[in-house]
Amino acid sequence: MKVYIKNVKYEYELKMLYHSFSRKEVDFYSISDHIESDKGDYIAIHEESGSNPSTINVSVTSNIDNNNYYYTEVCPDISKEVKNAYKRCLYRVLSSVFNRNLPWGILTGIRPVKIYNELRKTASVLPYLTEDSIKNEISSKHLISDEKIELMKTISNIQKPVIDSINDQSYSIYICIPFCPSRCNYCSFFSNDINKKGHLRDSYIDALETEINSVMQEEWVQGKRLDSIYVGGGTPTALKDYQIEKLMIFLNSKFDFSKIKEITYEAGRPDTITEANLRILKKYGVNRISINPQSMVDETLKKIGRLHNSSEIEQVFNLAREVGFDNINMDIILGLQDEDVTSVRHTLSKIRDLNPDSITMHTLSIKKASTLHQNIDYEELERQEHNIQQMVEIVYECMNNMNFTPYYLYRQKNILGGFENVGFSRPGKESWYNIIIMEELQNILAFGSGSVSRFVYPEENRIEKVTNIRNLEEYINRTQDMVNRKRLEMK
Ligand code: SF4
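Using our numbering, you'd call the opening residue of the sequence shown number -4 and step up by one each time.
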């Protein structure tokens, strides 16, 4: 397929939108490139000044399988609005060609609920902006389905108390432990195999402590309120028991845990969870953990590169309850290799029996850095794309039956069927950190290799990211640089 566009600066997002309909190759050209002589299938998006000088006319013409499509609209002469008009034009043609709509319409961004929250913020000073007009605005601008707008609204309602309690004197902390016992085939995170780099864990913890110590002495952090700590990775339970204990003692010495709303420690891989490390986490104040099976089908676990089976997941989950954890999340992924609707039902029934406090549903997204991408099987992908809607519906139905409510949501590039990732929880067990990171509500100081700090400037509607070095050895040797990077941003 060839797509001709007048303004080539919109190519990237238009390409993403195209690939939400089809994973086949598409070539983009400037509209000045011989469109008149094109005899094959094409789509062309045109742009010209409107009759009113502050408007632009955007239109699309196309010839696909000898069918011609035409659509036009007038939009304000503002780059963001014109880009959306281009996307709507392309969407109209593609939804007609492929005979389907996308649940999230033309939205290619990863934080849909942020749109809803921002419109609600505007509505608080513009009383004529009602819930209905917010819905209409989202629907006409982004072509999002009614069902997904309702989902945005539900999540926005749940998030409101968190949003209201945030101020610029509060922040959260993320700590990255970039070690895993093996590589999952869908993973694109920067993580180190403990069999190759495990010997660096001691020096890594020392470097982490140095980075945290130095940053916490900075003037710009003093007097601020710490709301949550999230230890993620990688697999933080891939540390040895004495290393976890050393880290937890250090964190307890730096922060008053009794005043922090949430301290999450990802215990992602069941093959790294033991009674001993769970007891250490409990003893030092961790109040939320995440055990992430992704699937409860043993064959799938083998295929994705896990070194454990489903009954081990059940054992460690029960162990965590016995140790006293009353806030446990479980992650699942829909669309894993060779899985079908029956596999998803099986996984959900097993997880339902365990009765966790929250469940995060991910829809598979094929990341370039994953081994899945390197060995991509397009036939399998097409099959999964076909099944994904039913899988997603089954999860929503199950969450509803469990009285779990969606509380945060995000989307990713190349996500199957253009769907979403959603965190569901029982009331009161919503993760604070998940909400603030997805909605970009407060500063996050991130420590450790590959971690990304986020500095939020709400007045200027601006977020700045400060990234730490990914390479483990470099991070250990250049820890002070990581402190300087954050200081530069905060000066
Ligand atoms: S456990 Fe998580 S971070 Fe580690 S390889 Fe698997 S998906 Fe990636």
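Glycine included, each C-beta is placed from N, C-alpha and C at the ideal position. Quantities reported herein were computed from a predicted structural model and do not represent experimental measurements.
According to DSSP, simplified to helix, strand and coil, what is residue i?
{"i": "C175", "result": "strand"}
{"i": "R251", "result": "Note that residue 251 is Asp in the sequence shown here, rather than Arg. The answer is coil: DSSP assigns D251 none of H, G, I, E or B."}
{"i": "T400", "result": "strand"}
{"i": "I236", "result": "One detail in the question is off: residue 236 reads as Asp in this sequence, not Ile. In this structure, D236 counts as helix in the three-state DSSP scheme."}
{"i": "Y169", "result": "strand"}
{"i": "G418", "result": "strand"}
{"i": "V3", "result": "helix"}
{"i": "F93", "result": "coil"}
{"i": "P122", "result": "coil"}
{"i": "N472", "result": "helix"}
{"i": "F320", "result": "coil"}
{"i": "Y181", "result": "coil"}
{"i": "Q369", "result": "helix"}
{"i": "S482", "result": "In the sequence as displayed, the identity of residue 482 is Arg instead of Ser. R482 falls in the helix class under three-state DSSP."}
{"i": "S285", "result": "strand"}
{"i": "Y111", "result": "helix"}
{"i": "L276", "result": "helix"}
{"i": "D188", "result": "strand"}
{"i": "K78", "result": "helix"}
{"i": "I501", "result": "The question about residue 501 has no answer, for the chain in this structure spans -4 to 486."}
{"i": "K(-3)", "result": "strand"}
{"i": "S290", "result": "coil"}
{"i": "H303", "result": "coil"}
{"i": "R378", "result": "helix"}
{"i": "I193", "result": "Per the sequence shown, the amino acid found at residue 193 is Gly instead of Ile. Helix at G193."}
{"i": "Q384", "result": "helix"}
{"i": "N61", "result": "coil"}
{"i": "S17", "result": "coil"}
Considering only residues of the same chain and omitting the five flanking positions on each side of residue i, which have a CB-CB separation below 7 Å?
{"i": "W427", "result": "V157, D222, S223, K256, E257"}
{"i": "I144", "result": "K130, I133, S134"}
{"i": "R465", "result": "F185, S444, G445"}
{"i": "L302", "result": "P176, S177, D266"}
{"i": "L349", "result": "E309, F312"}
{"i": "N247", "result": "Y279, G280"}
{"i": "T462", "result": "V447"}
Run the proximity test for residue i: is its beta-carbon closer than 7 Å to any non-hydrogen atom belonging to the ligand MG?
{"i": "C182", "result": "No copy of the ligand MG appears in this structure; the ligands present are the ligand SF4."}
What does residue i pair with, by DSSP beta-bridge criteria?
{"i": "H357", "result": "I328"}
{"i": "V55", "result": "I40, Y66"}
{"i": "S338", "result": "According to DSSP, which records beta bridges pairwise, S338 is partnered with nothing at all."}
{"i": "R457", "result": "Y452"}
{"i": "V447", "result": "T462"}
{"i": "T103", "result": "None; T103 has no bridge partner."}
{"i": "P71", "result": "T50"}
{"i": "K345", "result": "BP columns for K345 are empty, so no partner."}
{"i": "Y86", "result": "Paired residue(s): none; Y86 is not in a bridge."}
{"i": "Y405", "result": "N416"}
{"i": "I410", "result": "S360"}
Here's a check: name, in chain order, each residue in its chain whose Cβ is nearer than 8 Å to the Cβ of residue i, leaving out the five neighbours to either side.
{"i": "S151", "result": "V108, Y111, N112, R115"}
{"i": "T149", "result": "T400, P401"}
{"i": "G228", "result": "C171, I172, P173, F174, C175, F184, S186, E261, G263"}
{"i": "M11", "result": "T103, K408"}
{"i": "F93", "result": "F16, S17"}
{"i": "Q385", "result": "V336"}
Specify, as a first and last residue, the run of the alpha helix (DSSP H) that residue i falls within.
{"i": "V226", "result": "That residue, V226, is in no alpha helix (DSSP H); its beta strand (DSSP E) goes 220 to 228."}
{"i": "E434", "result": "427 to 434"}
{"i": "E132", "result": "126 to 137"}
{"i": "E206", "result": "196 to 211"}
{"i": "L296", "result": "293 to 298"}
Could you check where the beta strand (DSSP E) with residue i kicks off and where it finishes?
{"i": "D22", "result": "22 to 25"}
{"i": "K155", "result": "Element bounds for K155: not the beta strand (DSSP E) but the alpha helix (DSSP H), 141 to 160."}
{"i": "L440", "result": "438 to 442"}
{"i": "E257", "result": "257 to 261"}
Between residue i and the rest of its own chain, which residues show a CB-CB distance below 6 Å, the 5 nearest in sequence each way excluded?
{"i": "A262", "result": "T232, I268, I284, I286"}
{"i": "C179", "result": "I299, G300"}
{"i": "V55", "result": "I40, Y66, C84, V88"}
{"i": "L97", "result": "S15, G413"}
{"i": "M417", "result": "Note on identity: in this sequence residue 417 is Val, with Met being the wrong assignment. So the list reads M356, P401, L404, once near-sequence residues are dropped."}
{"i": "S165", "result": "R220, D222, Q437"}
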